[in-house]
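Let me begin by presenting the structure, written as structure tokens, before commenting on it.
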Amino acid sequence: MIHFKEIAKIMGALMVLIGLLMLPGAAFSLHYGETIFPIVVSASISLVIGLILFFSFSKDDRNIRKREGYLIVSLSWLVMAIFGMLPYLLSKEIPSFYDAIFETMSGLTTTGASILTDIEAMPKGLLFWRSMTQWIGGLGIIVLTVAIFPLLGIGGIELFVAESPGPTSDKVHPRISETAKRLWYVYVGLTLLAMLLYWAGGMTFFDAINHALTTLATGGFSTKNASMAFYDSAFIQYTAIFFMFLAGTNFTVIYFGLLGRFKRVFRSDEFKTYAFFLLGISVILYYPIAQRADFSGEEAFRTSLFQVVSLITTTGYVTDDYTQYGQGVTFLCFMLLFLGGSAGSTAGGIKFVRHLTFIKNSWLEFKRLIHPRAVVPLLINGDRVTTRIITHIMNFLLIYLLTFVLGALVMSLIGYDLPTSLGAVATSLGNVGPAIGQVGPVDNFSFFSPFAKVFLSFIMLLGRLELFTILILFTPFFWRTN
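If you're matching positions, the sequence shown starts at 24 in our numbering and goes up one per residue.
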């Protein structure tokens, strides 16, 4: 039996939190002489309903089981999306329900795809709330990764090995709540540092805080129509590259790095693969970009590095249109949509640890064919990966591929060309933002039909919650009481 009272109580607490986080946007509205009505009313609705739900149900002493856990995780994002879109609707800046839910879901899942055709015309208070939705989503995924996913037994978290929370001496902390708290400190601290550097680099305070929020969340929402291309500054772009790279790194690795425990950092096979791959692909893309006569060598390398880091970390900032360099570069950038950052980061996508496990296991399979009786363990970070985790990852990759194929099929059947269908689904599932076709780096998603926007919003949620969290709700045995 599912304990819906406990779920309702938790949803109430979440709605109160959402209401409180809306209020800073009203301060920016006041500062810029805008009406505070949409944000204040939206916050009030969230607070009132949240408080009613929270105090209407007494605390249940029973522990939350896996079923309640899956429902809480899934409903959390839906509740945040429903109440998070209220400022857009009440202000009538995004009057369409379908557009509002798409923009909000894109923000919360840190996808960064947008239906806005003139971002700079939006009120500053709403732009701040738009950026805040991504920061909330980035913070939320850390909570899921560190505190909730292990309780649900979702694969991928186990591959953190020494970094995953648990009762051993070399973890961040033996208590999950303390681990989550320390990672929040890292997240908030890096956000503040990024804001200060953006500000020092020439951004206005408002632009600096917004870009800091969306950089650390690997979300990519910008306050400018041209995204990061608006800032023709090497300092600002290298600052964005640095913090995108950090945001795509396992936050426990960053934590140990800040403590000076660099052996723990370089012990991570995923981190080393992630860093070398970013650099390697950037070098490959440097040559076609360097052919442009108006680019110096440094500018070509910076442009290449920026696009690669932005796509792999699923941030989605843009400084250049990578589709103009030929089909080879376009295809390579499209493939980057399927990588994702590190597990335990704010990045979306498949994650490097899954790719690394798959490649290592496939390589070892050749050895097993020659020596069928030999015990050939798969090691990540020097520790053996269990068969259960390997099976889970194989299933995840298969379901991810099937979801992509079926999603692209649906998009093509409702009338969109193949490159656009492939690009829209790939970037939504990977929570990236830009893609190929009509949703390239200089395009947006405003032209899609209402059905397509809702469908892509669902795909974003699937990708952000790692598929199984949502899909298990559609299985009959999830709802059986026995």
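From the three backbone atoms N, C-alpha and C, an ideal C-beta is built for every residue, glycine too.
Keep in mind it's a predicted model, so treat the numbers as computed, not measured.
Please classify residue i as buried or exposed, where buried requires at least 16 other C-beta atoms within 10 Å of its C-beta.
i	result
D84	Because D84 carries a pLDDT of 47, less than 50, the predicted location of this residue cannot be relied on, and the following value inherits that uncertainty. Burial call: exposed.
F106	buried
I362	In the sequence as displayed, the identity of residue 362 is Leu instead of Ile. With 16 or more Cβ atoms within 10 Å of its Cβ, L362 is classed as buried.
E388	exposed
R396	exposed
L432	exposed
Q330	buried
Q314	exposed
L488	buried
S305	buried
L421	exposed
R325	buried
Q260	buried
V398	exposed
R272	According to the sequence shown, residue 272 is Thr rather than Arg. When all chains shown are included, T272 counts as buried.
A270	buried
M358	exposed
T168	Bear in mind that a pLDDT of 48 at T168, under 50, signals an unreliable position, so the model cannot answer this.
G438	exposed
D440	exposed
T227	exposed
A50	exposed
G303	exposed
Among the options, which has the Cα closest to the Cα of residue i?
i	options	result
T380	M358, I264, N404, L392	N404
A31	V96, P47, A475	V96
G366	L359, K374, L360	Looking at the sequence itself, residue 366 is Ala, so the reference to Gly does not match. Residue K374 is the option with its Cα nearest to A366.
D230	S480, Y121, G212, F253	F253
S79	I41, F501, Y210, I33	I33
S221	T369, S245, T346, G438	A small correction: the amino acid at residue 221 is Tyr; Ser does not occupy that position in the sequence shown. For Y221, the nearest C-alpha among the options comes from S245.
L74	R325, T275, I41	I41
T237	F266, R407, K476	F266
S154	S368, L131, L219, F125	L131
A240	G320, I393, G161	G161
G224	T214, P442, S256	S256
F474	K247, L436, Y309	L436
Q347	V465, Y439, L402	V465
E57	F120, K147, A66	K147
R205	A249, M226, G271, I277	I277
F478	D122, L282, L402	D122
L46	S129, T156, K89	T156
What's the C-alpha gap between residue i and residue j?
i	j	result
F183	M417	Caution applies to F183, whose pLDDT of 30 falls short of 50 and renders its modelled position unreliable; the model cannot decide the point.
T410	I382	15 Å
T498	E91	15 Å
D317	M38	51 Å
P118	H415	42 Å
P197	V64	Only weak support is given to the placement of P197: the predicted model assigns it a pLDDT of 48, under 50, and the question is left unresolved by the model.
L109	W152	11 Å
F481	H394	45 Å
F268	L334	11 Å
F77	I25	18 Å
G163	L44	13 Å
I142	T353	26 Å
L35	L101	Inspection of the sequence shows that residue 35 is occupied by Gly rather than by Leu. Their Cα atoms are separated by approximately 13 Å.
E126	I412	35 Å
R407	F289	18 Å
R287	S444	42 Å
F27	G212	36 Å
I68	F258	42 Å
T492	I459	28 Å
K247	D344	16 Å
I232	W386	45 Å
L215	F60	28 Å
N296	T262	What sits at residue 296 in the sequence shown is Thr, not Asn. Taking the straight line joining both Cα atoms gives about 22 Å.
V462	R284	42 Å
Y55	S99	32 Å
Going by the CB atoms, is the gap between residue j and residue i shorter than 9 Å?
i	j	result
I62	L139	no
E293	V376	yes
F279	T369	no
V455	G351	no
F501	Y93	yes
P457	G364	no
G446	L328	no
I307	L355	yes
W158	G242	yes
V341	M251	yes
A520	I124	For residue 520 there is no data in the structure shown, the boundaries of the chain being 24 and 505.
Per the contact definition of three or more C-beta pairs closer than 8 Å, is the segment 122–136 in contact with the segment 448–459? With the cut-off at 8 Å, the segment 448–459 and the segment 122–136 touch.
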